[in-house]
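Following: one structure in structure tokens, then a few remarks.
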Amino acid sequence: MEKDEIRIAVMRIEGTNCEDESVKAFKALGVYAETVHLKQFYSDFIKEEEMRTIWDYSCIVFPGGFSAGDYVRAGVIFSARLKSVLRKDLEEFIKEGYPVLGICNGFQILVELGALPGFDEDRPIADKPEMALSINDSNRFECRPTFLKHENKGKCIFTRRLKREIVVFPVAHAEGKVTFPMGREEEYLNTLKENDQIVFRYVDKDGNYAGYPWNPNGSYYNIAGICNVKGNVFGLMPHPERAIWKWQLYSDIDLLVENDFWELEGNNEADGLAIFRSIVEYLLKF
Amino acid sequence: MIASVYIELKEGVTDPEGEATKKALHLLGFKNVKKVSSIKVFRIEIDSVSRDEAEKEVIEMCEKLLANPVIHNYRIEWVD
Amino acid sequence: MSVYKRANTPFELYEIDILNADDETLKRISEELGLNLSINEMKIIQDYFKKKGRNPYDIELQALGQAWSEHCCYKSSKYYLKQHLFGINSDYVISTKDDAGVVEFDDEYAYVVALESHNHPSAIEPYGGAATGIGGILRDVLCMGAQPIALIDPLFFGNLDIEHSTLPKGVKHPVYLLSGVVAGIRDYGNRVGIPTVAGMVFFDESYLTNCLVNVGCVGIVKKEKVIPSKAGGEGDIFILAGGATGRDGIHGVTFASAELSEKSEEERSAVQLGNPIMKEPLIHACLEIVESGLLTGMKDLGGGGLSCAVGEMAFSAGYGAEIWLEKVHLKERNMKPWEIWVSESQERMLLTVKPKDVDDVLYIFKKWDVPARVIGVVKGDKILRVYYKGYLIYEMDIEFVTSGVEYCRVYKKPETVEREEIRDIGNYKKILLKMLSHPNIASKEWIIRQYDHEVRASTVLKPLQGRIGREGHGDSAVVKPVDDSWKGIAITADVNPWMTKIDPFWGSASAFDEMVRNLVAVNSIPHSFADCLNFGNPEKPERMWEFVESVRAIGWMAKNYPLPCVSGNVSFYNESPYGSVAPTPTLMGIGIVEDIRRVITMYFKKRGSAIVVIGETNHEFGGSLYSVITGLKSSNVPKTNPEKLKNYASNLLDAFKRFKIYSCHDISEGGLAVALAEMAISSNIGFDVNLSFVELFSESNTRWVVEVSKRDANKLVEFFTDNSLKAKVIGFTDSELNYGSFSITIDEAEKSFKTGLSKYLG
Numbered sequence: 235m236e237k238d239e240i241r242i243a244v245m246r247i248e249g250t251n252c253e254d255e256s257v258k259a260f261k262a263l264g265v266y267a268e269t270v271h272l273k274q275f276y277s278d279f280i281k282e283e284e285m286r287t288i289w290d291y292s293c294i295v296f297p298g299g300f301s302a303g304d305y306v307r308a309g310v311i312f313s314a315r316l317k318s319v320l321r322k323d324l325e326e327f328i329k330e331g332y333p334v335l336g337i338c339n340g341f342q343i344l345v346e347l348g349a350l351p352g353f354d355e356d357r358p359i360a361d362k363p364e365m366a367l368s369i370n371d372s373n374r375f376e377c378r379p380t381f382l383k384h385e386n387k388g389k390c391i392f393t394r395r396l397k398r399e400i401v402v403f404p405v406a407h408a409e410g411k412v413t414f415p416m417g418r419e420e421e422y423l424n425t426l427k428e429n430d431q432i433v434f435r436y437v438d439k440d441g442n443y444a445g446y447p448w449n450p451n452g453s454y455y456n457i458a459g460i461c462n463v464k465g466n467v468f469g470l471m472p473h474p475e476r477a478i479w480k481w482q483l484y485s486d487i488d489l490l491v492e493n494d495f496w497e498l499e500g501n502n503e504a505d506g507l508a509i510f511r512s513i514v515e516y517l518l519k520f
Numbered sequence: 559m560i561a562s563v564y565i566e567l568k569e570g571v572t573d574p575e576g577e578a579t580k581k582a583l584h585l586l587g588f589k590n591v592k593k594v595s596s597i598k599v600f601r602i603e604i605d606s607v608s609r610d611e612a613e614k615e616v617i618e619m620c621e622k623l624l625a626n627p628v629i630h631n632y633r634i635e636w637v638d
Numbered sequence: 212m213s214v215y216k217r218a219n220t221p222f223e224l225y226e227i228d229i230l231n232a233d234d235e236t237l238k239r240i241s242e243e244l245g246l247n248l249s250i251n252e253m254k255i256i257q258d259y260f261k262k263k264g265r266n267p268y269d270i271e272l273q274a275l276g277q278a279w280s281e282h283c284c285y286k287s288s289k290y291y292l293k294q295h296l297f298g299i300n301s302d303y304v305i306s307t308k309d310d311a312g313v314v315e316f317d318d319e320y321a322y323v324v325a326l327e328s329h330n331h332p333s334a335i336e337p338y339g340g341a342a343t344g345i346g347g348i349l350r351d352v353l354c355m356g357a358q359p360i361a362l363i364d365p366l367f368f369g370n371l372d373i374e375h376s377t378l379p380k381g382v383k384h385p386v387y388l389l390s391g392v393v394a395g396i397r398d399y400g401n402r403v404g405i406p407t408v409a410g411m412v413f414f415d416e417s418y419l420t421n422c423l424v425n426v427g428c429v430g431i432v433k434k435e436k437v438i439p440s441k442a443g444g445e446g447d448i449f450i451l452a453g454g455a456t457g458r459d460g461i462h463g464v465t466f467a468s469a470e471l472s473e474k475s476e477e478e479r480s481a482v483q484l485g486n487p488i489m490k491e492p493l494i495h496a497c498l499e500i501v502e503s504g505l506l507t508g509m510k511d512l513g514g515g516g517l518s519c520a521v522g523e524m525a526f527s528a529g530y531g532a533e534i535w536l537e538k539v540h541l542k543e544r545n546m547k548p549w550e551i552w553v554s555e556s557q558e559r560m561l562l563t564v565k566p567k568d569v570d571d572v573l574y575i576f577k578k579w580d581v582p583a584r585v586i587g588v589v590k591g592d593k594i595l596r597v598y599y600k601g602y603l604i605y606e607m608d609i610e611f612v613t614s615g616v617e618y619c620r621v622y623k624k625p626e627t628v629e630r631e632e633i634r635d636i637g638n639y640k641k642i643l644l645k646m647l648s649h650p651n652i653a654s655k656e657w658i659i660r661q662y663d664h665e666v667r668a669s670t671v672l673k674p675l676q677g678r679i680g681r682e683g684h685g686d687s688a689v690v691k692p693v694d695d696s697w698k699g700i701a702i703t704a705d706v707n708p709w710m711t712k713i714d715p716f717w718g719s720a721s722a723f724d725e726m727v728r729n730l731v732a733v734n735s736i737p738h739s740f741a742d743c744l745n746f747g748n749p750e751k752p753e754r755m756w757e758f759v760e761s762v763r764a765i766g767w768m769a770k771n772y773p774l775p776c777v778s779g780n781v782s783f784y785n786e787s788p789y790g791s792v793a794p795t796p797t798l799m800g801i802g803i804v805e806d807i808r809r810v811i812t813m814y815f816k817k818r819g820s821a822i823v824v825i826g827e828t829n830h831e832f833g834g835s836l837y838s839v840i841t842g843l844k845s846s847n848v849p850k851t852n853p854e855k856l857k858n859y860a861s862n863l864l865d866a867f868k869r870f871k872i873y874s875c876h877d878i879s880e881g882g883l884a885v886a887l888a889e890m891a892i893s894s895n896i897g898f899d900v901n902l903s904f905v906e907l908f909s910e911s912n913t914r915w916v917v918e919v920s921k922r923d924a925n926k927l928v929e930f931f932t933d934n935s936l937k938a939k940v941i942g943f944t945d946s947e948l949n950y951g952s953f954s955i956t957i958d959e960a961e962k963s964f965k966t967g968l969s970k971y972l973g
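Residue numbers (our numbering), protein chains in the order written: chain A, 235 to 520; chain B, 559 to 638; chain C, 212 to 973.
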């Protein structure tokens with residue numbers, strides 16, 4: 235599709251709160267993006283000019299935040315509401331190959347929805363969740379920069395424009411520990427590996443797999459982000475939209491040493507923007 | 559009818575909340591505490607023709623929203 | 212015969228016989244109704260109703276109890292605030308009258324500043340108290356029409372190592388209070404999606420029975436969209452939006468205007484619970500309405516609930532109001548009219564709109580699932596009338612209710628003995644490690660990482676800075692509020708209660724000095740500040756003296772720097788039978804960063820650069836960390852001078868433009884010894900310097916340490932000395948912490964710094 239045909243929906247209900255920065259990331263790349271309240275898809279009192287269907291969009295983003303307060307479990311209430319009003323549409327949307335991205339709370343939503351790990355190409359939304367993002371091992375909310383190693387071999391459409399193997403995106407969550415069913419972890423892991431569904435893994439400053447705090451939540455196999463079997467649904471706990479400009483990472487020395495501190499006019503882009511650029515490039519060829 | 563729905567972590571799943579609570583209790587001097595488990599309880603009031611019907615519905619609630627089968631078990635107790 | 216007479220209404224309403232009441236009865240009424248008004252104040256009310264020729268209803272007395280509380284009308288502080296602190300205006304200050312100060316940011320935008328205490332509720336129920344503190348301060352900023360962009364939370368607790376068995380009855384352990392307060396700020400701030408970017412945590416025994424929870428918020432708004440906290444015009448409609456009204460939080464302000472006692476535990480109703488998932492859409496809905504220009508006025512419901520909000524909105528506009536109380540949507544049944552009127556339930560905003568716009572405004576609220584109701588109308592006369600189910604149950608002159616009372620409280624300097632025991636007792640290494648692990652210095656990472664400090668993705672300088680995995684505390688946080696501008700806002704919160712305790716004047720002046728130092732250290736121009744003045748019982752002359760000294764010092768610094776004070780809050784009665792808090796004038800400083808790509812951080816950047824100390828070091832140890840650690844007392848609190856401070860600050864800002872300065876850090880608690888250690892720990896780069904005892908540990912004001920390229924070092928020093936200011940190269944960055952007379956490895960220092968606080972918190 236043409237650039238001006240691209241329309242990105244950043245979905246929200248009460249409690250989502252990273253929608254503005256997600257919209258900005260797309261706008262920085264010159265494509266149209268807007269925040270859309272779930273209500274705009276079904277409610278009968280919404281004014282006509284504010285009513286939407288999923289087919290108005292070429293990409294759906296579930297942003298970070300605390301949808302519905304994260305009560306019961308993070309993301310589960312948003313996913314239940316989605317299931318009740320949008321399940322069929324969303325399944326069709328994914329089958330047709332449109333990209334769906336979930337960041338932080340968005341990842342939690344996609345997991346609770348059954349869209350990730352998404353092993354079955356014909357049924358992209360499973361009836362029951364097949365994995366969990368459980369409470370961090372530290373039992374605390376953790377807001378910190380993380381080093382992520384990109385390990386996807388090309389399946390994931392969201393990281394194809396990523397230039398570096400190791401990137402720094404911050405995390406900020408209390409429930410982000412990737413957990414597979416007890417006793418079947420290896421089976422899941424092997425399937426993920428075979429399908430090239432593993433995208434990011436937490437590493438330490440030297441690029442080695444390591445425990446807390448480098449792996450901030452205790453995720454199995456240090457997994458930070460995975461995609462579905464088709465590569466067009468992607469969920470990750472770290473926030474790429476908080477790492478799209480170098481100035482967002484000024485507090486962290488490694489980047490300052492690497493980029494000349496005194497270079498004001500230079501390129502301000504940081505690695506997070508590549509996630510959004512990958513989506514745009516993918517849609518341009520769609 | 560009123561049901562108490564208990565959502566517990568499956569045996570073997572780490573329980574950071576329980577662990578942290580145990581640690582805090584030890585710090586407060588409760589040295590005899592062996593284990594603390596976190597359990598979430600939802601009290602659900604429901605209209606239904608029979609207990610069986612109601613139970614069926616509550617089970618569905620657990621599977622659709624209240625529990626994540628990957629990490630949780632659930633248990634229903636009727637209080638009224 | 213009872214003084215309470217049931218009115219002839221189909222709901223519970225009492226007429227209270229004050230016309231015939233003697234002093235004793237007036238006192239009893241004030242106590243029985245929980246009004247917390249003095250005899251003198253009750254008599255003024257009696258006179259007013261004598262003139263009206265009738266007795267008041269319960270709702271009228273309750274409203275006066277709210278409006279005339281210390282919390283709402285500043286009756287003890289106003290006299291001195293006017294004298295010392297008000298009216299330091301700059302041409303860029305847009306407004307300081309409303310709930311928050313509004314200051315010009317650039318041609319198009321203004322920033323909004325608010326700082327408040329939430330001490331009493333937090334001492335009783337730390338989680339709910341702190342959470343609703345965040346809720347309240349967000350509303351203060353929101354009601355100006357501004358998007359909140361940053362939260363700041365200075366906290367003060369008793370020492371963490373106190374034994375449970377030695378706690379006074381009814382007092383909660385500081386670890387419990389700290390954990391609860393942090394959890395409350397975390398769960399509320401993170402959920403509403405506003406980053407908590409800065410703050411401070413201070414431990415001192417004086418906070419054992421009265422912890423202090425101050426909360427600040429900064430917002431951004433287009434200048435043309437600033438919404439006044441007053442009613443629009445006659446005929447405008449009042450809309451109440453947000454959460455339902457319940458019995459929670461009744462008498463919160465009268466509660467905050469009395470000393471805490473053992474009994475306070477039972478007065479739980481004075482603490483509200485918060486619902487961030489109501490607040491988050493409320494913020495969005497209000498901002499959408501502001502953006503569409505449908506509002507004529509807006510005010511948040513804080514202390515005193517509707518009674519204060521309606522009164523203040525109408526009073527500031529010079530109008531009256533008519534309210535239909537049965538329209539207010541309620542959480543619980545059978546609330547009495549006066550309870551609805553004074554309830555402090557959270558997440559509520561009061562708006563005035565033109566009648567033609569009512570439907571559009573209600574639509575926007577509905578879209579966000581925020582309940583909103585029309586509850587009244589603005590009237591031309593200056594009278595406030597409240598109806599309930601058709602009955603007129605409240606009729607008073609707005610001016611009488613809202614202008615409140617004012618006192619010129621007496622003050623008296625307490626007897627003190629001047630002491631100077633400070634001497635060099637050697638043992639530097641041990642002392643320094645003790646300093647680094649003191650909870651006031653040690654890493655606050657356990658707390659900070661629980662706050663989302665970068666949601667909204669506009670945080671440039673985060674509260675933790677340095678090599679990932681070993682960060683230390685920055686001097687100020689910096690946020691970038693506007694998309695298409697490189698301008699930034701720097702924020703810091705400062706006070707050193709150890710100093711104010713010994714000398715409230717020089718201690719408060721030092722807080723001002725530290726605030727300016729922290730703003731300048733990140734390369735921002737000090738622009739404005741807000742104060743939150745936390746003191747003991749103002750009816751005690753010694754406490755009042757502390758307050759007056761403190762306000763006098765802040766006023767003197769601010770007037771002569773000059774730096775406008777744009778918003779403030781006074782919290783008295785932070786006192787229990789066990790004693791008063793140290794005088795705690797928390798200052799929140801705001802600086803303007805001209806280009807956020809030029810911000811300066813506090814950690815060393817490379818080996819082999821020069822280290823320069825800017826400023827003068829004198830033998831000043833009063834309230835210093837050295838004095839606390841060694842137990843050697845000193846009354847000599849560091850002095851300062853606003854003109855000198857300004858001179859240093861301007862020159863340092865100028866130097867940032869001229870020389871290759873890699874890092875900069877202010878010198879405060881623990882002196883240069885601690886400042887250098889912090890710069891090294893967070894970078895894993897050490898230093899080689901040679902410092903005397905006084906140079907190591909003195910806490911003289913108006914000093915910074917900077918890292919500069921070797922080539923520029925001498926030029927930088929000359930630049931200052933040419934302007935008759937002091938600067939000196941003290942050494943170079945290297946691999947260990949080498950102070951000359953002793954040295955420590957970075958890992959050793961880091962261990963003390965990292966575990967000093969976390970060891971208490973698990």
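The beta carbon of each residue, even a glycine, is placed where N, CA and C say it ideally should be.
None of the values given here were measured: they were computed from a predicted structure.
C/ALA341 sits close to C/VAL424, with the two beta carbons spaced by under 7 Å. The contact set of A/SER372 on chain B, defined by CB atoms closer than 9 Å, consists of PRO574, ALA578 in chain order.
Annotated three-state conformation of A/ARG511 is helix, per DSSP. C/ARG914 has its alpha-carbon roughly 6 Å from the corresponding atom of C/ILE878.
Comparing alpha-carbon positions, the option among C/VAL501, C/ASN219, C/THR236 lying closest to C/SER213 turns out to be C/THR236. Using a Cβ-Cβ cut-off of 7 Å, C/GLY410 does not count as an interface residue toward chain B, since no Cβ of chain B sits closer than that to its own. Contacts with chain A at 7 Å (Cβ-Cβ) include C/GLN676. For C/GLY973, the nearest beta carbon of chain B is closer than 7 Å to its own beta carbon. Residue-level contact check: B/ASN626 touches chain A, since one or more beta carbons of chain A fall below 7 Å from its beta carbon. Looking at the backbone, the Cα of C/ALA452 and that of C/GLY356 are separated by about 15 Å. For A/LYS322, no pairing in a beta bridge is given by DSSP. At a cut-off of 7 Å, the C-beta of B/LYS622 has no neighbouring C-beta in chain C. Exposure of A/MET235 is indicated by the presence of fewer than 16 other C-beta atoms within 10 angstroms of its C-beta. DSSP places B/MET619 inside the alpha helix (DSSP H), whose first and last residues are 609 to 619.
Counting along the chain, C/TYR268 sits inside no alpha helix (DSSP H), nor does DSSP assign it H or E at all.
Contact annotation: C/PRO796 and C/SER846 have beta-carbon atoms that are not nearer than 7 Å.
If you draw a 10 Å sphere on the C-beta of A/TRP289, you find fewer than 16 other C-beta atoms in it, and that means exposed. Within the segment 908 to 930 of chain C, no residue places its CB atom closer than 7 Å to a CB of chain A. The segment 399 to 412 of chain A and the segment 661 to 677 of chain C touch, with no fewer than 3 CB-CB distances between them shorter than 8 Å.
The criterion of a C-beta distance shorter than 7 Å is not satisfied by C/SER719 and C/ILE801.
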